[in-house]
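Report on one structure; see the data block that follows.
There are 2 protein chains.
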Amino acid sequence: MTPPRTRLLLSLFTVLAVPFVGLAQSPALQQVFGYRDFTQQAKWDAAFMAIPDAKLAGEHLKILTAEPHWASSPEDYKTALYVADKFKAAGLETSIVPYKVLLNKPVSILIEAFDADGKKLMSGPTPEHVDPAKYGGDPGQNDPRILTAFNGFSPSGDVTAQVVYANYGTLADFKKLASLGISVKDKIVLVRYGENFRGVKVYIAQQYGAKGVLIYSDPADDGYFRGDPYPKGPYRPASAVQRGSVQFLPIYPGDPETPGIASTPDLPDSQRIKNPVDLSTIPANPLSYKDAKPILKALDGPDVPDGWQGALPFTYHLGGTGKVTVHMHLQQDYARRTIWNVIGKIEGTDPAERNDWVVAGNHRDAWVYGAVDPNSGTAAMLETVHGIGDLLKQGWRPRRTILFASWDAEEEGLIGSTEWVEQHAAELNHAVAYFNTDVSVSGPNFSAAAVPSLKQFIREITSEVPSPKGGTVYDQWKKHEEGNTETANHRDKSSKEKEDDAPIDNLGSGSDYTPFIQHLGVPSTDIGSEGRYGVYHSTFDDYNWFIKFADPTFVYEQEMARIFGLEVLHMADADVLPYDYQTYGKEILSYIEAAQRHAAKDNLKLDFTATLTAAQRFAAAAAAVHTDQANPPADAAALNRTLRSAEEAFLNPEGLPHRPWYKHLIYAPGEYTGYEAVVIPGVNEAIEANDATRAQSQLAALTEALNHAADKLDSAAK
Amino acid sequence: MTPPRTRLLLSLFTVLAVPFVGLAQSPALQQVFGYRDFTQQAKWDAAFMAIPDAKLAGEHLKILTAEPHWASSPEDYKTALYVADKFKAAGLETSIVPYKVLLNKPVSILIEAFDADGKKLMSGPTPEHVDPAKYGGDPGQNDPRILTAFNGFSPSGDVTAQVVYANYGTLADFKKLASLGISVKDKIVLVRYGENFRGVKVYIAQQYGAKGVLIYSDPADDGYFRGDPYPKGPYRPASAVQRGSVQFLPIYPGDPETPGIASTPDLPDSQRIKNPVDLSTIPANPLSYKDAKPILKALDGPDVPDGWQGALPFTYHLGGTGKVTVHMHLQQDYARRTIWNVIGKIEGTDPAERNDWVVAGNHRDAWVYGAVDPNSGTAAMLETVHGIGDLLKQGWRPRRTILFASWDAEEEGLIGSTEWVEQHAAELNHAVAYFNTDVSVSGPNFSAAAVPSLKQFIREITSEVPSPKGGTVYDQWKKHEEGNTETANHRDKSSKEKEDDAPIDNLGSGSDYTPFIQHLGVPSTDIGSEGRYGVYHSTFDDYNWFIKFADPTFVYEQEMARIFGLEVLHMADADVLPYDYQTYGKEILSYIEAAQRHAAKDNLKLDFTATLTAAQRFAAAAAAVHTDQANPPADAAALNRTLRSAEEAFLNPEGLPHRPWYKHLIYAPGEYTGYEAVVIPGVNEAIEANDATRAQSQLAALTEALNHAADKLDSAAK
């Protein structure tokens, strides 16, 4: 039975839904972009939204997170079967799709530190543990299947070296150390989580000649400085470790041995590469602040620069003096392991557009229990599928083919999604959208990232969905963001554009949309509902934490299921694809102008004329086609194909300099950021590197793409 | 014998001084504002600057800080004798001037905290102590004459109450608590040092109905978060307490019983008031972070708002739930005690201007040893006097009368200076300048605060003095401030105007310039050389700390002695008083414009027309008189008197609303800041309080003052 609060919300929703149904008779409904007449869609939307069930979402979550289910483990396979069952029950044509991919599993991990006299300062990793006598403890912490804290894709290694503290391990941090005369060559670098993707920390440390990397969670960023630690509060306790992949994600994601091709079980070994360039050659391991504390405390040497001090109760020093020696002994079991995506399909009815897929996905594998990351998304998606299954029973069929995907091995490097995308590149070349959700619910605050052409689409959909806080999700989202500058998520939001409307991030990386948008140009979105999420990638991201601090009555699960479902329904059924190229054009123009200012500031002589002209052409073509989209021809199939092809025009078949897998010229994860998007990356990273020749040639590629995209839109405009 | 580094500096100085001497023959010297011909002054300057001796300054400091010398103690009297001896030796007409003033001495201080079960959490104040086995410890920490940590002018009291944490105890912080529904009524408020003057924290807490106040030093602001604690580094160790006065300084300073009149020993009791409004009625006491930690750790209740978390290793909460009870038992011995200023005089030679005094002062009393605060200033001043004494022996005599002052009981509330100023108000009405130095040397970075008319004066003088870092003090000062936004001093610098030149603060309060400028309108400056000063008002502000972390070879002592001396020499001997009213005029105009914007933002209907017109009149008059100052008449005495009278015109005999002792209409310590200046305080505080009637009447007073000042300058301009 649905908890009281949810019932209240359902009735709230009913009231709120009326205007849409009522409006179906009026021409005002033409305002829902993409529809000639929203009447019928409004009815299906209402019918759909009545189904996703908070209590059932909670049940899915409880079952999915009952055991640690690291990718390729038997428990992971059990979750695949559960998801496949639910897909089938909803009437989806379902298959479990295996791949054979490189994964490391820790056999033994030892990190120990010694002072100058050889006295042991610490030995870890300490098992994650909170006191059962206090605030109820944590019921899941003693499961023997919990893997010790390790980094995905760290090599095995046995290194002993002095320690240097390098703050967040950003490029600026390593440059700062160098400017202070502190070398990290042949040292073990101790860095804190935050600011950039952990694989980037290792990437830079390796470039600077470090022998190994320890990555710890500082309580200033992720622990008691933020709020009460679990189980008293939602924040990271002293022993909790942030696991995670240290793959060089900005080089390429997926199975390291098969960039660009799919690691199907039958792929011969000869097609797998030997020394993947997206993997570190130096060992790396995460640490809790409990384990990092004795190391940091014993470091001497110069005081840290401004902004490097964390919240442990002593003065931080840079080290490198020989006072502290760390021994890292990492024994990793590297093997090609089987992982399992689950794919559920609903065939479209329109012969002209049924091959233009709408894909929606979420990953299923977890470092440990993964209550928030990722199974809050899986639970929501299963309720989306539940709702769509109900529509199918009511006789509804989509115009375009819908695929739901439950990805595996996302945590190691977006592997399940990347291999599947690489396998289906031909079909996906004309897929109309990919909708992602990963850290779906950690609290009550909706957030989204998207290509600009789908930003307004998300705002429209969230205006249809009631919020557990009252009003619509859109209203609450806008209100929250107006009063809030802080963000709780692990994604870096510094790139978020300032806008009057509810803000939407650019797509960087760190989840399964990356192969879709950045490798193939499938217009994508990523959504979540955020909160005070202090247990990311630790054992404590479990059901117990979730029901205490994220969503006790699963009403935000229900909300996300509804939003995710409306994204799919609208994109599958719209008369005209609701891409907003006007916003896209404006944003691209602003990126180019910003790059021009940056180049001027750095005295880099570059000619932006042709690129700016092309961007203005694209913006003008976008405005013209927008009018056509609002008044589409009777048969919009050709228009739709052309609309879709404009995004494809942003791909450069050669890819980005140094990283050919990334083909999108407008968005990529930054080489030195990882999570955060770099816009017009070819141009901006060349400017950042002060390389005028490369910048000019990247400007030429961008100009060509913009003209190509403008041509496409021009050809569609009447 | 002078240490090697100092000898190098002396020769550096000799080289640097040559251009001045050489330039004495050229007309370029007219550029030293205030002199018709700088030739002779340049020679005296050079002769003077050769005398202040680093080693002797170190000896003064060692002797002055050999014992704790709290105001009115026998040890304080010994330092008065030492200073008087040095004054006499230099040829100054010297007297020790006693006052009888109200002071409290702690008899017994007990702060204890209990949890809900009555279990004792702490009992203090813990004696200040660092481990002698580590880094040499501290030789002075066990002296039985060290007074236990207390607040000057806290009443005695015995209160027991629940605790609420109120961040820095600013007005905004108390408003925030109220907005969160947390009442401090009848509670003991725990606040951290920083942001405002400690007396203001108590002032606001009392207004909000608190029963008592505990003020602690958080390591985030003042401790290990900043750098290594003493004795390893210069920052505050866990047990160190910031003592200090909690007088309501923004109401009035000086002896609380005698506002406006001097507490001479023979002042009858009938002239002393009974219930001074500048004293708190609720008890207050400082705590170390060692003692505050168990209280803060045990507090529960709501999480603290953004920005309230400190650097102790747990999550802070607001408290007020009854979980923690504090008992404060303060027994203070209040009595009228004798304090001793030392005044040394050099009679001026010019019959027309000898009564226009130049006063230079520094306080001598300390909470404990006072190596930096204040005796780094006393040592520097004694070397200034040493240098001026040498000039006297060489036959030099000043045009105007010079007075050097060694103030007592500054720590309790600028008492020695205030009483003396009140006693000599008639003479000081036409004193041409007061030069202050208090925390004179805590490190190598020159800083200054001044009335705008003396900002350029300080820049000129520092251009004459060599810096131990090479080049001139002015060059190093400008260079340091360009690369530095942080400040180490206890003065709040947020009000520092942004300027291209070396920045100079406005005069707020917290040292002995206050009675001069803000009560009588004597143009004033305050100078210091700052560093990583982490032992402010603790036992550890001693000779041992000083020679480890502030100025091991006393070369900055020498530098400050030279700058202080040149200020005195130039002001005593200038042909024309070197007041720069042009800068003053510009600054006043900018204050009025800022107030106008503030009022507009708050929708306060105010008419600024007359005030702006008057300010423009004043600025125009200042420009005209500036030309005259550059080409003065043969007899400049009348011009000088008029120049001086312009500053006097800024006084309002009625004083500021609610605080009539403060008469200056351009600068006052903020009612809710204390240290930091509020500019055009009558106007701005009325706007802040949203009181349009008061603001308009204060604008009228300001208009009158500006017109009056402009009349004065107009009368001087030819």
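Note that the protein sequences, when read in sequence, are chains G and S.
Each residue of the first sequence is one higher than the one before, counting from -18 in our numbering.
Each residue of the second sequence is one higher than the one before, counting from -18 in our numbering.
Cβ coordinates follow ideal geometry from the N, Cα and C atoms, glycine included.
Bear in mind that the values here come from a model prediction, so they are computed numbers and not experimental data.
| Item | Value |
| --- | --- |
| C-alpha distance - residue 570 of chain S paired with residue 487 of chain S, whole-angstrom precision | 15 angstroms |
| Spatially closest choice to residue 749 of chain G from G/355, G/495, G/562, by CA coordinates | Outside the displayed range of chain G (-18 to 699) lies residue 749 of chain G, so it cannot be described from this structure. |
| Residue 326 of chain S - DSSP class collapsed to helix/strand/coil | strand |
| Residues near residue 276 of chain S in its chain [Cβ-Cβ closer than 7 angstroms; skip 5 each side] | 94, 102, 103, 144, 171, 305, 307 |
| Straight-line Cα distance separating residue 361 of chain S from residue 336 of chain S | 26 angstroms |
| Distance, residue 440 of chain S Cα to residue 700 of chain S Cα | Lying outside -18 to 699, the shown extent of chain S, residue 700 of chain S is not represented and no answer is given. |
| First through last residue of the alpha helix (DSSP H) which encompasses residue 63 of chain S | 55 to 70 |
| Validate contact between the stretch 221 to 241 of chain G and the stretch 278 to 286 of chain G using beta carbons, cut 8 angstroms, 3 pairs | no |
| Contact list for residue 306 of chain G against chain S, beta-carbon separation under 9 angstroms | Residues of chain S passing the Cβ test: none, with the nearest at roughly 21 angstroms. |
| Residue nearest to residue 253 of chain G in terms of C-alpha spacing, selected from G/263, G/260, G/242 | G/242 |
| heavy atom of the ligand MN below 8 angstroms from residue 509 of chain S C-beta | Absent from the structure shown: the ligand MN. Ligands present: none. |
| Residue range of the alpha helix (DSSP H) that includes residue 48 of chain S | Neither: residue 48 of chain S is in no alpha helix (DSSP H) and is coded neither H nor E. |
| Neighbour-count burial assignment, residue 8 of chain S, 16 or more Cβ in a 10 Å radius | Unreliable placement is indicated for residue 8 of chain S, whose pLDDT of 34 sits below 50; the coordinate value is still reported in the next sentence. Per the 10 Å Cβ criterion, exposed. |
| Helix, strand or coil at residue 254 of chain S [DSSP, three-state] | coil |
| Inter-residue spacing [alpha-carbon to alpha-carbon] between residue 410 of chain S and residue 359 of chain S | 26 angstroms |
| CA-to-CA distance, residue 687 of chain S to residue 259 of chain S, given in whole angstroms | 30 angstroms |
| Proximal residues to residue 756 of chain S (C-beta, below 8 angstroms), its chain only, five neighbours per side dropped | Only positions -18 to 699 of chain S appear in this structure, which leaves residue 756 of chain S out of reach. |
| Close Cβ partners of residue 564 of chain S (< 8 angstroms) along its chain, the five nearest in sequence each way excluded | 433, 434, 436, 437 |
| Closer than 8 angstroms at the beta carbon, the chain S residues around residue 205 of chain G | 294, 295, 296 |
| Assigned exposure category for residue 463 of chain G - 16 Cβ within 10 Å defines buried | exposed |
| Residue 545 of chain G in three-state terms, based on DSSP | helix |
| Contact between the stretch 64 to 72 of chain G and the stretch 107 to 119 of chain G (3+ Cβ pairs under 8 angstroms) | no |
| Test item: CB-CB of residue 237 of chain G and residue 134 of chain G under 9 angstroms | yes |
| Buried or exposed by the 16-neighbour rule on C-beta atoms within 10 Å, applied to residue 578 of chain G | exposed |
| Close Cβ partners of residue 378 of chain S (< 6 angstroms) along its chain, the five nearest in sequence each way excluded | 330 |
| Proximity test, Cβ basis, 9 angstroms: residue 692 of chain G and chain S | no |
| Presumed contact (8 angstroms Cβ cut-off) between residue 205 of chain G and residue 216 of chain G, rounded CB distance | 7 angstroms |
| Within-9 angstroms CB hit, residue 210 of chain G to chain S | yes |
| In chain order, each beta strand (DSSP E) run of at least 3 residues that lies wholly inside the stretch 369 to 433 of chain G | 383 to 388, 414 to 422, 426 to 431 |
| Cα-Cα separation between residue 44 of chain S and residue 265 of chain S, rounded to whole angstroms | 33 angstroms |
| Exposure label - residue 159 of chain S; buried when at least 16 CB within 10 Å | exposed |
| Own chain, CB closer than 7 angstroms to residue 245 of chain G, minus 5 neighbours either side, in chain order | 80, 404 |
| Cross-strand partners of residue 706 of chain S (DSSP beta bridge) | Coverage of chain S is limited to positions -18 through 699, which leaves residue 706 of chain S absent and any answer about it impossible. |
| Pair within 9 angstroms by beta-carbon distance, residue 91 of chain G and residue 195 of chain G | no |
| Whether residue 239 of chain G touches residue 78 of chain G by CB criterion (9 angstroms) | no |
| N- and C-terminal bounds of the beta strand (DSSP E) containing residue 193 of chain S | 193 to 197 |
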